[in-house]
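Visitor:
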Amino acid sequence: MTPDFVRRSFVAAALVAAAAPAAYAQIPSASLDQLAAQARTKGPVIWYESSPTDQADKIAAAFAKRFPGVQLQHTRDAGGAGIGARVIQEVQGNARTADLLTGSASVIWQLVNRDMVVKQDWKEMGVPASVSTSPFTIASTTAVYVLLSNKQQVSDAEAPKNWDDLLNPKWSGKIGLWIRAEPQLSLAAVWGEQKTATFIESVNRQKPFVFKSTFPLAQQVGAGEVPVGLGLYHAAMVPIAKGAPIRFHFPDPVPTTTLHSAVIAAGKNREGGLLLALWLATPEGAKVYEAATGRGHAGVEGTEVQKLLAGRTLAEFSPDKVPANLEMFERFNKSIAAGGQAVK
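The sequence shown begins at -16 in the numbering used here and counts up one residue at a time.
1) Are the stretch 181 to 190 and the stretch 140 to 158 touching, with three or more C-beta to C-beta distances below 8 angstroms?
2) K48 and N252 - do their beta-carbons sit closer together than 8 angstroms?
3) How should S169 be labelled, buried or exposed, when 16 other C-beta atoms within 10 angstroms of its C-beta is the threshold for buried?
4) R278 by DSSP, collapsed to three states: which one?
5) Return the CA-CA distance between A218 and G52, expressed in angstroms with no decimal places.
6) According to DSSP, is Q72 helix, strand or coil?
7) Inspect the beta-carbon positions of Y331 and T124 and report whether they are closer than 8 angstroms.
8) Rounding to the nearest angstrom, what Cα-Cα distance links Q54 and L257 in this structure?
9) Tell me the residue span of the beta strand (DSSP E) that contains V32.
10) Just curious, the alpha helix (DSSP H) that L263 is in, first and last residue?
11) Within 10 angstroms of the Cβ of E107, are there 16 or more other Cβ atoms? Answer buried if so, exposed if not.
12) Does the separation of the CB atoms of P306 and V211 fall below 8 angstroms?
13) If distances are taken between C-alpha atoms only, which option among G214, H243, S155 and L84 comes closest to T58?
14) Check whether the Cβ of L242 lies closer than 8 angstroms to any Cβ atom in chain D.
15) When the distance is taken between beta carbons, is L160 closer than 8 angstroms to F231?
16) May I have the straight-line CA-CA distance separating I223 from S34, to the nearest angstrom?
17) Alpha carbon to alpha carbon, how far is R69 from T240?
18) G205 lies in the alpha helix (DSSP H); which residues open and close that run?
19) Helix, strand or coil, according to DSSP, for V110 in the structure here?
20) Just list the residues that DSSP pairs V211 with in beta bridges.
21) Taking the alpha carbon of S301 as the reference point, which residue from A78, E32, A122 and V28 has its own alpha carbon closest?
22) Closer than 8 angstroms is the cut-off here; do at least three beta carbon pairs connect the stretch 287 to 300 with the stretch 170 to 177?
Quick look at the structure:
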């Protein structure tokens, strides 16, 4: 249930905002400012999220400028799965934990199933319908998966452009994958479990290298150590910006993973966590996040990711479908781990 003081603030601000229609419905600024006033008295806002520190620092600086006196402290977990496990351990040990966790729904639902996440009424807070929500989560950004190849080692003609291209015997022992089956899980939303599982087994026969994070995966594609990979667009943009010879193609369908934010019930500054989650769903916050990380919000008007994905077929389960698919996700994870060559 949403705390009463938050509900009163948002209802009052929403009544004011309703009198001024806009092209893009936004969370009322007045309500964010009221929430910030409460967050200032609760200490720093602890945020668990996967972006590199230099990127997170840019987000924290913009957040501090928008909400003076509200300090944001970012803790990074690059692998994805470890964030949820860390929160569980901290809560069970009565240690200081996150106020807000931003990650995939498959990670967050581990916490939801343990009653560790605060339930919210996002509509009452003014969150527009274009922003995906569940009773426990709000969409914060969209991770987009692409096929990567090294320009110096792979010709334009040979570069994998769609899923079956990864099965070319030419790429045996030359493919990089993320050890987490996030893109494969999203593919199953379109393909179904059986077709996706068969595809994973087919890729396994190519003896792929599996990486704990998509950032070193992209770096190794750029270095030519792994000429071809299935990676994340925003992770590849980091070495590309530094001159790495990496090209990318959007397969059909394009798997996406919406990264959601959830306010942790055991957090010391839940008001600050909620403030950050809501701000990331505004045009201002979404553009700050995208500029810092290269990862944009598909549900917020004006982001670059909207342009990238326009007209493409996307594959992803809605957050409410995640609980029913967690076992499938774990089966995919085990299959990838068993079939790939681990990269330390």
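Idealized CB from N, CA, C, for every residue including glycine.
A quick note: this is a predicted structure, and the numbers were derived from the prediction, not measured.
Guide: Well, looking at it:
1) Result yes; three or more Cβ-Cβ pairs closer than 8 angstroms.
2) Counting from one through the sequence shown, the residue named residue 252 turns up at place 269. Counting from one through the sequence shown, the residue named residue 48 turns up at place 65. Going by beta carbons, N252 and K48 fall outside the 8 angstroms limit.
3) Sequence index remark: in the sequence shown, residue 169 carries index 186 (1-based). Counting Cβ neighbours within 10 Å, S169 comes out buried, since at least 16 surround it.
4) The count along the sequence shown starts at 1 and reaches residue 278 at position 295. Three-state DSSP puts R278 in coil, outside helix and strand.
5) For the purposes of this step, residue 218 is identified with residue 235 of the sequence shown, where counting begins at 1. For the purposes of this step, residue 52 is identified with residue 69 of the sequence shown, where counting begins at 1. Taking the straight line from one Cα to the other gives about 31 angstroms.
6) Within the sequence shown, numbered from 1, the residue matching residue 72 stands at position 89. Note: Q72 maps to helix in three-state DSSP.
7) With the chain represented from -16 up to 327, any question about residue 331 goes unanswered, as that position is not in the structure.
8) Indexing the sequence shown from 1 puts residue 54 at position 71. Indexing the sequence shown from 1 puts residue 257 at position 274. Using only the alpha carbons, I get a separation of about 14 angstroms.
9) Residue numbering aside, residue 32 sits at position 49 when the sequence shown is read from its first letter. The sequence given here places Glu at residue 32; Val does not occur at that position. Start and end: V28 to E32.
10) Looking up residue 263 in the sequence shown gives position 280. Under the DSSP assignment, L263 falls outside any alpha helix (DSSP H); it carries neither an H nor an E label.
11) Here the question's residue 107 lines up with position 124 in the sequence shown. Of the other Cβ atoms in all chains shown, fewer than 16 fall within 10 Å of the Cβ of E107; this residue is therefore exposed.
12) As a working mapping, residue 306 is identified with position 323 in the sequence shown. As a working mapping, residue 211 is identified with position 228 in the sequence shown. In this structure, P306 keeps its C-beta atom at 8 angstroms or more from the C-beta atom of V211.
13) Numbered from its first residue, the sequence shown carries residue 58 at position 75. Distances from the CA of T58 to each of G214, H243, S155 and L84 were compared; the closest alpha carbon is that of L84.
14) The chain inventory of the structure shown lacks chain D, comprising one protein chain alone.
15) The residue labelled residue 231 in the question sits at position 248 within the sequence shown. The residue labelled residue 160 in the question sits at position 177 within the sequence shown. In this structure, L160 does not lie closer than 8 angstroms to F231 by Cβ.
16) Working through the sequence shown from its first residue, we reach residue 223 at position 240. Working through the sequence shown from its first residue, we reach residue 34 at position 51. For the pair I223 and S34, the Cα-to-Cα distance works out to about 17 angstroms.
17) Your numbering for residue 69 matches position 86 in the sequence shown. Your numbering for residue 240 matches position 257 in the sequence shown. In this structure, the straight-line span from the alpha carbon of R69 to that of T240 is close to 21 angstroms.
18) Taking the first residue of the sequence shown as position 1, residue 205 is located at position 222. Per DSSP, the unbroken alpha helix (DSSP H) holding G205 starts and ends at T197 to A206.
19) For the purposes of this step, residue 110 is taken as residue 127 along the sequence shown, with counting starting at 1. V110: coil per DSSP, three-state reduction.
20) For this step, residue 211 is matched to residue 228 along the sequence shown. Among the bridge pairs identified by DSSP, V211 is matched with S132 and I158.
21) Here residue 301 refers to the residue found at position 318 of the sequence shown. Looking at the Cα atoms, A122 is the closest of the given residues.
22) Three or more beta-carbon pairs drawn from the stretch 287 to 300 and the stretch 170 to 177 are found closer than 8 angstroms, and the two stretches are therefore classed as touching.
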